[in-house]
Every structure is written in C-alpha cells, then in structure tokens.
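Novice:
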Ligand code: CTP
Ligand code: MG
C-alpha cells in the first residue's frame, strides 16, 4: 500500500442545471461517488481515501462511504471542500492522516474511471514522481474569438488531460503550498506541479473516462458503462 486518494467532489455542478452537485447523481442507477469509490477500493495499493464534497452533502456522502465494501479496512474520510477546485484539493491533502508516499487526485465527475487506469498512472508516478493520463485530440483545433477563427493550432502535440493524476506526496504538497502563497487556482493539479518546475510523465488515458459536465453526458456515460461492464 503506497497510495492515498483525494476524490474532488465539492463542485456545485452548475452546468448540470437542476440535477445539482454531481457526487450524488445516479449514473446507470448508482451515484457517481459510489462508482468512483468502488473503482479506487479495488486497487490494492490504495491505503487511504479522502472524499471532498459540498458541506450540505456531508451526511449523505458519509452514508455512501459507509455502505461500500471495504474488506481491507482502508481509512476513509469525508471533508467539506472550498470555493475552487484547487482549494478543495488542498483541504483534502490536509485531511490525509497516513504518510503514504503517493497521492492520487481524481475528479468524482469522472465516474467511469477504471482500476486499470489508476494502476497505469501509479506505475508511471512511481518512476517519475508525477504522472497524468491524457488522450490525443481527434478534432481539428482552432483559436476562436468573437465567433471568428483567429488561427489554426497544430493538433499533433495537443492532448486532453484526465484524472486520476498521481504525484509523490512531497511534490503535490509543495505545488499546493506555492499555489496558496500566490493565490493561484488551476483546473487540474498538474498545472500547479508544472509551476514548481517538476517534470510530469504522460500515460495513455481512456476515452471512456469522460467527465460528467452537462446533462447530455449522462446518456453517453451510461452507454459506455453498459458497453464496457455489461451493466447500467
Ligand atoms: N470541484 C471541487 N471543488 C470545487 C469545484 C470543483 O472539488 N470548489 C470538483 C468537482 O466536484 C468535480 C471536479 O472538481 O468533480 C471538476 O470540476 P467541474 O467538472 O467543473 O465540476 P463542478 O465545479 O461541480 O461543475 P460546474 O463547474 O458546472 O459548477
Ligand atoms: Mg467547476
């Protein structure tokens, strides 16, 4: 066991409209948080999990966490998040109680994360100290402003980045300390780790590891879950 996990789920889910915060939204009949927890609980290297969620959902998230099969007795905590994703991850980091050498940060909104992907990123993080999953872009890419093309961007080197992102505890803690000092916020942790000059390894992500962002993503995710796991 060498991996602690921070599940970032404290967003408001504004783009989901009436469906609200994503952690408790059922995807293929099971709440997002339940699906994500089960994938991480399956990974033998995991020794501790902190779930970061909106304050108002503390009780229901605690119930979900307590309901999951946890035969190895992994330490599980639920803590309230902050105003930005960066704040939420930092609060998750502060809530870790074990001294495990690696920390995975995962968006609960990526409900269809597989144990295989978690293990692939972890193997790369053990080698290099920092690793993220990414998939090459398929579409042509353009910079656009006011409804007009500014220029075309060479797609060759562009990748869409996913979570889980895994770092040595020391690297992630230093990156967040620097971000707090500079009041910097970022859409992922790799951005903060990059800022402290740390090299980050990139491993293949999974196209099925979609982020639940808008209501239309639900049907897509359910179809993917159904196709890959024969459920949902
Ligand atoms: N997140 C978080 N704390 C915040 C904001 C976001 O932990 N203050 C988490 C979300 O719960 C989500 C992940 O970061 O799992 C990625 O964020 P996003 O997809 O933007 O989710 P929301 O912020 O919830 O959605 P929206 O931006 O539409 O409100
Ligand atoms: Mg958001």
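Residue numbers (my numbering): 71 to 302. The beta carbon of each residue, even a glycine, is placed where N, CA and C say it ideally should be.
#1: Taking three-plus beta-carbon pairs below 8 Å as touching, is the region 72-84 in contact with the region 169-179?
#2: Would you mind sorting residue 113 into buried or exposed? The rule is 16 or more other CB atoms within 10 Å of its CB.
#3: Taking the continuous beta strand (DSSP E) assigned at residue 274, which residues delimit it?
#4: Considering residue 183, what are the terminal residues of the alpha helix (DSSP H) in which it resides?
#5: Per DSSP, which one or two residues make a beta bridge with residue 308?
#6: In angstroms with no decimal places, state the Cα-to-Cα distance between residue 306 and residue 206.
#7: How many angstroms separate the CA atom of residue 84 from the CA atom of residue 91?
#8: Is the region 242-249 in contact with the region 260-279, if contact means three or more CB pairs nearer than 8 Å?
#9: Would residue 164 be called buried (16 or more neighbouring beta carbons within 10 Å of its own) or exposed?
#10: Return helix, strand or coil for residue 113, following the three-state DSSP convention.
#11: What number of angstroms, rounded off, separates the C-alpha of residue 231 from the C-alpha of residue 285?
#12: Nearest to residue 121 by alpha carbon, out of 283, 103, 137, 187?
#13: Roughly how many angstroms lie between the CA atoms of residue 278 and residue 187, to the nearest whole one?
#14: Verify the contact flag: residue 178, CB atom, against every heavy atom of ligand 1, threshold strictly below 7 Å.
#15: Would a C-beta distance cut-off of 8 Å place residue 255 and residue 154 closer than the cut-off?
#16: In the DSSP assignment, what residue or residues form a beta bridge with residue 118?
#17: At the level of alpha carbons, what is the spacing between residue 218 and residue 211?
#18: Per DSSP, what kind of secondary structure is residue 278 in: helix, strand or coil?
#19: Does the distance between the C-beta of residue 104 and the nearest non-hydrogen atom of ligand 1 fall short of 7 Å?
Specialist: Straight from the coordinates:
#1: yes
#2: The count along the chain shown starts at 1 and reaches residue 113 at position 43. With 16 or more Cβ atoms within 10 Å of its Cβ, residue 113 is classed as buried.
#3: Within the chain shown, the letter at position 204 stands for residue 274. For residue 274, the enclosing beta strand (DSSP E) begins and ends at 271-274.
#4: Within the chain shown, the letter at position 113 stands for residue 183. It is not in any alpha helix (DSSP H) - residue 183 carries neither H nor E in the DSSP assignment.
#5: Outside the displayed span of the chain (71 to 302) sits residue 308, for which this structure offers no information.
#6: Outside the modelled stretch of the chain, which goes from 71 to 302, sits residue 306, for which no answer is possible.
#7: For the purposes of this step, residue 84 is identified with residue 14 of the chain shown, where counting begins at 1. For the purposes of this step, residue 91 is identified with residue 21 of the chain shown, where counting begins at 1. If you take the alpha carbons of residue 84 and residue 91, they lie about 7 Å apart.
#8: yes
#9: For this step, residue 164 is matched to residue 94 along the chain shown. So residue 164 ends up on the exposed side.
#10: Sequence index remark: in the chain shown, residue 113 carries index 43 (1-based). Residue 113 falls in the coil class under three-state DSSP.
#11: Locating residue 231 in the chain shown gives position 161, where the first residue counts as 1. Locating residue 285 in the chain shown gives position 215, where the first residue counts as 1. Straight-line Cα distance between these residues: approximately 21 Å.
#12: Walking along the chain shown from the start, residue 121 turns up at place 51. The residue with the shortest Cα to Cα distance from residue 121 is 103.
#13: The count along the chain shown starts at 1 and reaches residue 278 at position 208. The count along the chain shown starts at 1 and reaches residue 187 at position 117. Each residue's alpha carbon lies about 11 Å from the other.
#14: Locating residue 178 in the chain shown gives position 108, where the first residue counts as 1. Answer for residue 178: yes, Cβ within range of ligand 1.
#15: Locating residue 255 in the chain shown gives position 185, counting from the first residue. Locating residue 154 in the chain shown gives position 84, counting from the first residue. Against a cut-off of 8 Å, the Cβ pair of residue 154 and residue 255 comes out as a contact.
#16: Counted from its first residue, the chain shown places residue 118 at position 48. The partner list for residue 118 (beta bridge, DSSP) reads 74, 145.
#17: Residue mapping note: residue 218 aligns to position 148 of the chain shown, counting from 1. Residue mapping note: residue 211 aligns to position 141 of the chain shown, counting from 1. Between the alpha carbons of residue 218 and residue 211 lies a distance of about 13 Å.
#18: Counting from 1 along the chain shown, the entry for residue 278 is found at position 208. Here residue 278 sits in coil by DSSP.
#19: To locate residue 104, count along the chain shown from 1; it is residue 34. Not under cutoff, so the answer is no.
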